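Novice:
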Amino acid sequence: MKSDIDIKDDIYNHIKGSALERAVTGKLCKASKRPSGSDKEDIVISILDNGSGQIQEAFVNVNIYVKDNIRDGQAEMNDPRCRELCRTAIDVLEVGRGAGFRFTLDKQRVMPVNGKDEHFINNKLLYKQVNE
17 MKSDIDIKDD IYNHIKGSAL ERAVTGKLCK ASKRPSGSDK EDIVISILDN GSGQIQEAFV
77 NVNIYVKDNI RDGQAEMNDP RCRELCRTAI DVLEVGRGAG FRFTLDKQRV MPVNGKDEHF
137 INNKLLYKQV NE
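Here the working numbering = 1-based position in the sequence shown + 16.
1. Since K144 sits in a beta bridge, which residues does DSSP pair it with?
2. On the DSSP letters alone, give me the boundaries of the beta strand (DSSP E) that V153 sits inside.
3. Using the Cα positions of C102 and K144, report the straight-line distance between them to the nearest angstrom.
4. For my contact list, D133 and A91 are in at a C-beta cut-off of 8 angstroms; report their separation, rounded to the angstrom.
5. How would you call A74, buried or exposed, if buried means at least 16 neighbouring beta carbons within 10 angstroms?
6. If you follow the beta strand (DSSP E) that N85 is in, where does it begin and where does it stop?
7. Just verifying my parser: in three-state terms, what is the DSSP assignment at R50?
8. With DSSP collapsed to three states, give me the class of N79.
9. Helix, strand or coil for E92 per DSSP?
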């Protein structure tokens with residue numbers, strides 16, 4: 017059985033050096049939260065649920081933060097940038113595999129960040145590990 021930390025490592029290693037990591041202006045983080053005070057395009061990996069059994073299933077969030085555009089004093093989603101990063105995330109996260117595990121992109125959504133002028137792209141992954 018893999019721990020949350022092991023699963024984060026697998027997803028981190030899949031993203032590290034990929035087109036997705038190269039596309040963002042910020043950092044790739046395993047700490048489940050962004051660097052303090054960051055206004056960059058950070059990628060944050062967190063575990064939602066981690067089961068057990070011979071076929072272990074876990075749900076993993078890979079969130080990408082994107083700063084809003086300010087027009088006439090109003091914040092609005094940066095559609096072109098979010099669209100570009102959504103496509104890159106799909107290319108990188110749609111399917112991945114490694115030693116004894118496989119993951120697929122379950123769903124992708126773009127949502128506002130409460131209290132900040134930014135949105136985040138939520139990529140929910142279904143991770144499966146075969147335990148012997």
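Even glycine gets a Cβ: it sits at the ideal position worked out from N, Cα and C.
All figures in this text were calculated on a predicted structure; none of them were measured in a lab.
Specialist: For this structure:
1. Locating residue 144 in the sequence shown gives position 128, where the first residue counts as 1. When DSSP reads this structure, K144 sits in a beta bridge with E73, R118.
2. The question about residue 153 has no answer, for the chain in this structure spans 17 to 148.
3. Mapped onto the sequence shown, residue 102 falls at position 86. Mapped onto the sequence shown, residue 144 falls at position 128. So the two alpha carbons sit approximately 23 angstroms from each other.
4. In the sequence shown, the residue the question calls residue 133 occupies position 117. In the sequence shown, the residue the question calls residue 91 occupies position 75. Right, the Cβ-Cβ distance comes to about 4 angstroms (below 8 angstroms), so this counts as a contact.
5. Taking the first residue of the sequence shown as position 1, residue 74 is located at position 58. Counting every other CB atom within 10 Å of its CB across the protein chains shown gives A74 a total of 16 or more, marking it as buried.
6. Counted from its first residue, the sequence shown places residue 85 at position 69. DSSP places N85 inside the beta strand (DSSP E), whose first and last residues are 85-87.
7. Position 34 of the sequence shown holds residue 50. Of the three classes helix, strand and coil, the one that applies to R50 here is coil, per DSSP.
8. In the sequence shown, the residue the question calls residue 79 occupies position 63. Secondary structure of N79 (DSSP, three-state): strand.
9. Sequence index remark: in the sequence shown, residue 92 carries index 76 (1-based). Three-state result, E92: strand.
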